[in-house]
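Q:
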Amino acid sequence: MRFWGKARKQDNRKNIWIEHLNIDTGNWFQVFSACLGKMIAIQTACSEQVVKGQDWNVDFSEGVILFGNQKYPLQFIGSEATSSNTWLWGWENINGFSEKIIQVATHAKVVGERWNLEPLTTAEFTLDDTFNGHNLSIVTCGLVDKYCYYRGPHSGGAIFVAFSGVPDSVFASIDVQKFVSITTQCIQQFHIDHKIFVEGFLSWNNTQYEWDNQTLLAHFQQDLKIEFEQVNNFWRICAMNTILSGK
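Here the numbering used here runs 20 ahead of the position in the sequence shown, where the first position is 1.
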C-alpha cells in the first residue's frame, strides 16, 4: 500500500515527543525513522526481561496478556489476516472490545488525523514490507510512553497487542555500546533516514548531542562521533566511532 505524505494540521494540543525533532510528521518514512531506535531498544529489553521465550496467552475480556504466569495489561493494536493479506486497525473494533483496550490504537488514529498520516487513519489496507503489523506497532507504541508490543500468531494470521506494567528497567536509557549495536542492526535491516533515526533515538535516550556540519557528537559516558553523508534526499551514516576521553 502506498501512502503519500501530506501537510499536518495545526493545533494547540500538547506536542508528542517527536514533534520536537525537525521532521515532516505527515511523512511515514520520517516518523518511522524517528520511532525505530526507541522501540528496538524497548523490544530487546522486553524480550530479555519479560517474555523470555515463555508461552503466551491473551484474555481480551480481562484485558491482559500472559507470559508464563505473569499478567500484563494489554491494548489491542490491530491484526494481520493471512487469507486477504491485510492489516485491520484495532480502533475499527469489529470485535466489539471494550473501549478501554483500544485506547492506544485510538491514540494512533487521533495523531494520524492531526498529522494527516494516512497509515494511522486508514482502517484496512494491504500488507507489504513497509506497512505491516510490526512497523505499525513500532510507530503506535513509539508515540506513547512505556508500552511494549507483542505479535501473537494464530491460524488466520496474527494479533498485535501493546502491553504495560513491565519493570521500569525495560525503558531505561542504554549505554554507548548498545546504542551502536542497535543502530548498526537497524540501518542494515530497515530503509530509514539515518539522521532522523539517530536524533530520535538519542532524544528518547536523553543523550545530549551536538552537530558540526555533517558530524554528530553524542555525549554518552564515552563520547560517540557519527559521520553522515547525504544520499539523494536522506542522510546515511558513513562512520561511527567512540572517542577516548584521554583520562
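Where a beta carbon is used, it is the ideal one built from N, C-alpha and C, also for glycine.
Predicted model only: the values in this text are computed from it and were never measured.
Can the beta-carbon of Gly110 be found less than 8 Å from the beta-carbon of Phe96?
A: Yes.
Q: Ala128 by DSSP, collapsed to three states: which one?
A: Here Ala128 sits in helix by DSSP.
Q: Would the beta-carbon of Ala178 fall within 8 Å of that of Val124?
A: Not closer than 8 Å, so no.
Q: Mark Asn47 as exposed unless 16 or more other C-beta atoms lie within 10 angstroms of its C-beta, in which case mark it buried.
A: Burial call: buried.
Q: Which one of Gln208, Gln197, Trp107 and Asp165 has the shortest CA to CA distance from Asp188?
A: The shortest Cα separation from Asp188 among Gln208, Gln197, Trp107 and Asp165 belongs to Asp165.
Q: Would DSSP call Thr160 helix, strand or coil?
A: Note: Thr160 maps to helix in three-state DSSP.
Q: What residue ranges within the region 52-138 form continuous alpha helix (DSSP H) runs of no fewer than 4 residues, ordered along the chain?
A: Qualifying alpha helix (DSSP H) stretches, in chain order: 123-135.
Q: If you run the structure through DSSP and keep just helix, strand and coil, what is Thr45?
A: Correct three-state label for Thr45: coil.
Q: Nearest by alpha-carbon distance to Trp224: which of Ile246, Ala238, Gln234 and Asp232 is it?
A: Among Ile246, Ala238, Gln234 and Asp232, the Cα nearest to that of Trp224 is on Ala238.
Q: Which runs of the beta strand (DSSP E) fall wholly inside the region 195-254 and span at least 3 residues, in chain order?
A: Listed in chain order, they are 229-232, 235-238 and 244-251.
Q: Can the beta-carbon of Gln234 be found closer than 8 Å to that of Glu249?
A: Cβ distance < 8 Å, so Gln234 and Glu249 count as in contact.
Q: Whose C-alpha, out of Asn42, Asn89, Arg134 and Asp79, is nearest the C-alpha of Trp73?
A: The residue you asked about is not Trp; residue 73 is Gly in the sequence shown. Here the closest residue by C-alpha is Asn89.
Q: Pair every Cβ in the region 254-266 with every Cβ in the region 96-106, then say whether three or more of these pairs are closer than 8 Å.
A: No: the two stretches stay apart, fewer than three of their Cβ pairs being nearer than 8 Å.
Q: Ile158: which of Val51, Asn42, Trp255 and His40 sits nearest, CA to CA?
A: Among Val51, Asn42, Trp255 and His40, the Cα nearest to that of Ile158 belongs to Val51.
Q: Specify, as a first and last residue, the run of the beta strand (DSSP E) that Val181 falls within.
A: Note, Val181: beta strand (DSSP E), Gly177 to Phe183.
Q: Would you say Pro173 and Leu156 are within 8 Å of each other, going by their C-beta atoms?
A: The answer is no: Cβ separation not under 8 Å.
Q: DSSP three-state call for Ile36: helix, strand or coil?
A: Note: Ile36 maps to coil in three-state DSSP.
Q: Return yes when the Cβ of Thr141 is within less than 8 Å of the Cβ of Gly153, no when it is not.
A: Result no, Cβ atoms of Gly153 and Thr141 do not sit closer than 8 Å.
Q: Using the beta-carbon count (16 or more within 10 Å), is Lys215 buried or exposed?
A: Buried is the call here.
Q: Let's test the definition: count the other Cβ atoms within 10 Å of the Cβ of Val190 and tell me whether it reaches 16, buried, or not, exposed.
A: Buried: at least 16 other Cβ atoms inside 10 Å.
Q: Quick check on the burial criterion: 16 or more other C-beta atoms within 10 angstroms. Buried or exposed for Ser53?
A: Ser53 should be labelled buried.
Q: What distance in whole Å lies between the Cβ atoms of Thr204 and Leu147, which are believed to be in contact at a cut-off of 8 Å?
A: So it is not a contact: roughly 27 Å between Cβ atoms.
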